[in-house]
Amino acid sequence: ILYGTPLIREASASGLGEVINLTGKKFLAGPLIIKMTGPLLRIVGDRNPSNVKIAILKTLGLILVKGGPALRAFVPQFQTTFVKALSDPSRQVRLEAIHALGLLMPLSTRVDPLLKELTAGSLGKNSTLDANGMVAVQSATLEALAVVLREGGKKSKLPDSVPSALEASKELLRHADESVREAAAKVMGAALDILGFEIATEVIQSELLNGSHDSSDERHGKACAIRRFFSL
Numbered sequence: 006i007l008y009g010t011p012l013i014r015e016a017s018a019s020g021l022g023e024v025i026n027l028t029g030k031k032f033l034a035g036p037l038i039i040k041m042t043g044p045l046l047r048i049v050g051d052r053n054p055s056n057v058k059i060a061i062l063k064t065l066g067l068i069l070v071k072g073g074p075a076l077r078a079f080v081p082q083f084q085t086t087f088v089k090a091l092s093d094p095s096r097q098v099r100l101e102a103i104h105a106l107g108l109l110m111p112l113s114t115r116v117d118p119l120l121k122e123l124t125a126g127s128l129g130k131n132s133t134l135d136a137n138g139m140v141a142v143q144s145a146t147l148e149a150l151a152v153v154l155r156e157g158g159k160k161s162k163l164p165d166s167v168p169s170a171l172e173a174s175k176e177l178l179r180h181a182d183e184s185v186r187e188a189a190a191k192v193m194g195a196a197l198d199i200l201g202f203e204i205a206t207e208v209i210q211s212e213l214l215n216g217s218h219d220s221s222d223e224r225h226g227k228a229c230a231i232r233r234f235f236s237l
């Protein structure tokens, strides 16, 4: 994994993942799994091709599942790695990063900085990407934000973290791209699930049930959000 060619790195990461998957948690005691985690986190972004990143991210996900509390010290590094991967050109890398962020939430005790970062990223702040790249990253970041809200949003301690995510979802529900609108609806649903029935009712009345002259894009976004609301 550390020194091989890209093909060998991919096979090695996948092989390590298979071994971890087959090993009982009690045999992956703290020192052993920590020794594996550090090198994987260091090399996942080392200009590897997408197939290598995918294999490493999958293995890191397995490590999170098996390692448990022994990996708390690595939470900031995991978080940085996964958020960075949300901007990767490969769609599969982005999907693995979204999944991995969900697996990280049981270990994370400070979700507010992550919610803030994902909310800003979903709005495309400070991005230098072209239009197509920006849409792909916004969609992935919104999907990740929805997962983080669903799996760890109730740990939020700052009063504006979840409402800020909700405000971003309101704005992006009218986005020109369908995938962004659908992901924004997921964020809205997850945020309203945390904020409660009263705020959810207010948002439905003010944001979703008005606008008889909406464009087809806006109607689609609102329909997606209503669907998410009814699935809470």
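Okay, so the sequence shown: first residue is 6 according to the numbering used here, each after it adds one.
In this text, a Cβ means the ideal position worked out from N, Cα and C, and glycines have one as well.
DSSP-derived helix/strand/coil call for residue i
i: leucine 119; result: helix
i: histidine 218; result: coil
i: asparagine 53; result: coil
i: lysine 130; result: coil
i: lysine 162; result: coil
i: leucine 33; result: coil
i: histidine 104; result: helix
i: threonine 114; result: coil
i: leucine 7; result: coil
i: alanine 181; result: coil
i: threonine 146; result: helix
i: serine 17; result: helix
i: threonine 28; result: coil
Sequence-distant residues of the same chain with beta carbon closer than 8 Å to residue i, five excluded per side
i: serine 113; result: Val80, Gln84, Leu119, Gly157, Lys160
i: valine 49; result: Lys58, Ile61, Leu62, Leu65, Thr86, Ala90
i: isoleucine 68; result: Ile25, Ile38, Met41, Thr42, Leu45, Leu76
Distance CB(residue i)-CB(residue j) smaller than 8 Å
i: valine 167; j: leucine 178; result: no
i: serine 236; j: glycine 194; result: yes
i: glutamine 82; j: leucine 46; result: yes
i: phenylalanine 87; j: alanine 75; result: no
i: arginine 186; j: histidine 225; result: yes
i: alanine 151; j: lysine 191; result: yes
i: proline 11; j: proline 54; result: yes
i: serine 92; j: valine 142; result: yes
i: serine 184; j: serine 144; result: yes
i: asparagine 56; j: glutamate 122; result: no
i: isoleucine 6; j: leucine 21; result: yes
Contacting residues, own chain, Cβ-Cβ under 7 Å from residue i (five flanking each side not counted)
i: glutamate 212; result: Lys175
i: phenylalanine 234; result: Gly194, Leu197, Ala205, Ile209
i: cysteine 229; result: Arg186, Glu187, Ala190
i: alanine 170; result: Leu120, Thr124, Leu150, Leu154, Val192, Ala196
i: leucine 134; result: Val142
i: histidine 104; result: Gly66
i: isoleucine 138; result: Residue 138 is actually glycine in this sequence, not isoleucine. Taken in chain order, the list of residues that qualify is empty.
i: glycine 9; result: Ser17
Other residues of its chain near residue i: CB distance less than 6 Å, five sequence neighbours each side excluded
i: lysine 249; result: This structure cannot speak to residue 249, because the chain is shown only from 6 to 237.
i: glycine 107; result: Val152, Glu156
i: leucine 128; result: Ala173
i: valine 116; result: Gly157, Lys160, Ser161
i: glutamate 223; result: Arg179
i: arginine 52; result: none
i: glycine 19; result: The sequence shown places serine at residue 19, rather than the glycine named in the question. Excluding sequence neighbours, serine 19 sits near Ala60.
i: lysine 227; result: Leu213
i: glycine 126; result: Thr146
i: isoleucine 231; result: Leu213
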